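Residue numbers (my numbering): 3 to 339. Yeah, the Cβ is synthetic: ideal placement off N, Cα and C, and Gly gets one too. Owing to the predicted nature of the structure, the values given are computational and were not obtained by experimental measurement. One structure is given below, encoded as structure tokens.
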Amino acid sequence: MDPHLAAKIAAGEVIERPASVVKELIENALDADARHIRVEVEGGGADRILVADDGHGIAAAEVELAFRRHATSKLRTESDLDELATLGFRGEALPNIAAVGDVVCSTRSLQDPVGVELRLLAGAIEQCPVARQPGTTMSVDGLFARFPARRKFLRARSAEAAACVQVAAQLALGFPEVQLVVLVDGREALRTAGDGNLRNAFVAVLGADAADHVLDVPRVCLDDERGEAVVEVDGVCASGSFTRAGRSGVSVLVNRRPVTNRTLTYAVVESYGSLLPTGRQPVAAIYVRVPPAEVEFNVHPSKLEVKLLRERAVYAAIQRALRSVRRGARFSAGRRR
Ligand code: ADP
Ligand code: MG
């Protein structure tokens, strides 16, 4: 198969829509230890997506390599895969993004005195020096413009933009010490404080009206047979008086990574039980920590799905943590009124 065609097909698995680009680029910024990340989404992300960070940047000598398939600086041996500490590890995002949009990458590493700008436009690559602060700015223009069939599957611009904000919000919950600002067509759609305070991040994501309803979920630890901690759960949640129609307000993060897992989401919903008004769903951000070797993120290219060695224990820990919140007086206060 023509390598260019193969690249197009592979790209479709990871980059399904603008929100996939936003997710991969924010994850890269987080992996680079950024403290401030600015995201700009224009025209639902199809016109332009820009992610700027103040992380450690890419060395001028390596920036072209970063766009090659399976080029990752995060994984060196097979055993690293069992001890993942970074969000990325496949080395596929950048080549896939460059396969479906026009990418301009401007970056400067902490060691380099000047930065470099790499332009990947329709297969051609140009590189030139650029003056800038350490960090990285990636912009992706005309996403799927060369793929009319794919572009047709995009939803309305507002829906695609909302999905981009949702992805950013989930990552912001996982990294409350990082400030994330998202602009949609120039208007601020999300701004976290980046002060490390989980409650503040939660309220930034859910809106100021959530502030009066936020409760801490106390930490629950479960040990294995040898007495070693294998599951740790905590987080924040809203009381039964602040709910949503759907389950989009339930976030579960495993080792800081937002995941979609119906079983664990259900553990949260079920814990609220009769405290939820009929037809309403809870709002919570639950943090699960397990040993890296006991979790598999490599199930699907998007890494949203997760396999847990001790899923039942995690389920039990979530329920135990939320039940102890439920017993608190403030939890159902809104309902009695
Ligand atoms: P992965 O994240 O799986 O390693 P990517 O294709 O997303 O693969 O990125 C390739 C490489 O480019 C990364 O391993 C990293 O070295 C570098 N890189 C990408 N984005 C950034 C960034 N924002 N800051 C610093 N380095 C980056
Ligand atoms: Mg990555």
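Is the separation between the beta-carbon of residue i and that of residue j shorter than 9 Å?
i       : j       : result
Ala-240 : Gly-229 : no
Leu-52  : Glu-42  : yes
Leu-324 : Val-219 : yes
Leu-200 : Val-238 : yes
Leu-217 : Thr-262 : no
Ala-210 : Leu-175 : no
Gly-117 : Ala-36  : no
Val-254 : Arg-291 : no
Gly-144 : Asp-104 : yes
Ile-17  : Ile-28  : no
Arg-153 : Ala-147 : yes
Can you check which of these residues, the options, is closest to residue i by C-alpha distance?
i       : options                               : result
Ala-100 : Leu-67, Val-142, Asp-114 and Arg-134  : Val-142
Ser-22  : Asp-56, Ala-95, Ser-111 and Val-105   : Ala-95
Ala-54  : Ala-48, Val-24 and Ser-75             : Val-24
Val-327 : Arg-221, Asp-197, Asp-49 and Gln-135  : Arg-221
Leu-185 : Gly-47, Asn-202 and Leu-156           : Gly-47
Ala-318 : Glu-298, Val-270 and Ala-295          : Val-270
Glu-298 : Arg-259, Ile-320, Val-116 and Arg-153 : Arg-259
Gly-242 : Tyr-274, Val-232 and Arg-249          : Tyr-274
Arg-322 : Glu-272, Arg-189 and Thr-109          : Glu-272
Gly-121 : Val-180, Asp-187, Val-106 and Arg-329 : Here residue 121 turns out to be Arg, not Gly, going by the sequence shown. The shortest Cα separation from Arg-121 among Val-180, Asp-187, Val-106 and Arg-329 belongs to Val-106.
Ala-247 : Leu-224, Gly-281, Arg-153 and Ile-288 : Gly-281
Pro-293 : Asn-257, Pro-284, Lys-309 and Gln-283 : Asn-257
Glu-367 : Arg-152, Ala-171 and Glu-190          : Since the first residue shown for the chain is 3 and the last is 339, residue 367 is missing from the structure and cannot be characterised.
Arg-264 : Leu-145, Asp-49, Ala-295 and Val-316  : Val-316
Tyr-289 : Asp-214, Gln-172 and Thr-194          : Gln-172
Phe-177 : Leu-112, Arg-148, Arg-193 and Glu-162 : Arg-193
Ile-320 : Val-233, Thr-88, Gly-90 and His-72    : Val-233
Val-285 : Arg-249, Gly-125 and Arg-70           : Arg-249
Could you tell me which residues DSSP pairs with residue i in its beta bridges?
i       : result
Val-160 : The identity of residue 160 in the sequence shown is Ser, whereas the question assumes Val. None; Ser-160 has no bridge partner.
Asp-143 : Arg-50 and Asp-104
Ala-286 : Cys-239 and Val-252
Ile-320 : Note: Ile-320 sits in no beta bridge, so no partner.
Cys-130 : Glu-119
Could you check if residue i belongs to the surroundings of ligand 2, using beta carbon to heavy atom distance under 8 Å?
i       : result
Gly-59  : no
Ala-170 : no
Arg-258 : no
Leu-306 : no
Asp-187 : no
Leu-67  : no
Asn-202 : no
Asp-225 : no
Ligand 1 and residue i: does the residue's C-beta get closer than 8 Å to at least one heavy atom of that ligand?
i       : result
Glu-179 : no
Asp-55  : yes
Asp-114 : no
Leu-122 : no
Gly-90  : yes
Ala-62  : no
Pro-97  : yes
Glu-29  : yes
Is the CB of residue i under 9 Å away from at least one CB in chain C?
i       : result
Asp-143 : As a matter of chain content, chain C is missing from the structure shown, which is built from one protein chain.
**Request:** Write down every uninterrupted run of the beta strand (DSSP E) in the stretch 191–254 whose length is 3 residues or greater and which is fully enclosed by it, in chain order.
**Result:** With a minimum length of 3 residues, the unbroken runs of beta strand (DSSP E) contained wholly in the stretch 191–254 fall at 216–225 and 231–240.
**Prompt:** For the stretch 20–66, which segments carrying the alpha helix (DSSP H) assignment without a break, of at least 4 residues, lie completely within its bounds, in sequence order?
**Reply:** 20–33
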